[in-house]
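Enquirer:
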Amino acid sequence: MEAQTVQNYNASKPHKYHIKTFGLCDSATGYCINILIYFGKDTSYNPDMDPEGSQAVKVFDYLMTPLVKGHHIFADRYYTSYPLLLYLTNRKTYFTGTLNANRKNFPPELKSLSLNHRESKYFLEEKTDYL
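Residue numbers (my numbering): 1 to 131.
#1: DSSP on threonine 96, reduced to helix/strand/coil?
#2: Please return the same chain residues whose Cβ sits closer than 7 Å to the Cβ of cysteine 32, not counting the five positions on each side in sequence.
#3: With a threshold of 16 other CB atoms inside 10 Å of the CB of phenylalanine 106, please say whether the residue is buried or exposed.
#4: Measure the C-alpha to C-alpha separation of tyrosine 79 and threonine 29 and round it to an integer number of angstroms.
#5: Using the Cα positions of phenylalanine 39 and alanine 11, report the straight-line distance between them to the nearest angstrom.
#6: Scan the segment 57-117 and note each continuous beta strand (DSSP E) run of 3 residues or more that stays entirely inside, going in chain order.
#7: Whole angstroms is fine: what's the gap from arginine 91's alpha carbon to lysine 69's?
#8: Can you tell me where the beta strand (DSSP E) with threonine 21 in it begins and where it stops?
#9: Count the other CB atoms, across all protein chains shown, that sit within 10 Å of the CB of alanine 101; report buried if there are 16 or more and exposed otherwise.
#10: What's the call for tyrosine 87, buried or exposed, on a 16-neighbour Cβ count within 10 Å?
#11: Can you give me the C-alpha to C-alpha distance between phenylalanine 95 and tyrosine 62, rounded to a whole angstrom?
#12: Taking the beta carbon of valine 59 as the centre, do at least 16 other beta carbons fall within 10 Å, making it buried, or is it exposed?
Written out as structure tokens, the structure reads:
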């Protein structure tokens, strides 16, 4: 059996080689609820998930397995995507995150905003209650 490497390479990082992990932690206690080590295409996600689906949805589906509805997730721009919002809404879970201007399926009004430091904006989609 051939040994597999779990190191990823990212030329833009100070430490070019790293092990990519995803963790779901409680913000009050720091307790790690679940963790996923990324093995590239060999990463084991839920087999019922769409294999061509968003990586963020696959990661959250795995990490949130022990949770029930009614939580609030805070995440950085890496995870913020429209498919993830749909997935979390179906799980009755709230999400707060930073939006990259180049992300698909978000309103053009949000993408073209020019914000000052520490300023934020939001939108409400009436049919889904996305704020």
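We treat Cβ as the ideally placed atom computed from N, Cα and C, and that holds for glycine.
Expert: The answer reads as follows:
#1: strand
#2: Gly23 and Cys25
#3: buried
#4: 22 Å
#5: 18 Å
#6: 72-75 and 94-97
#7: 6 Å
#8: 21-25
#9: exposed
#10: buried
#11: 16 Å
#12: buried
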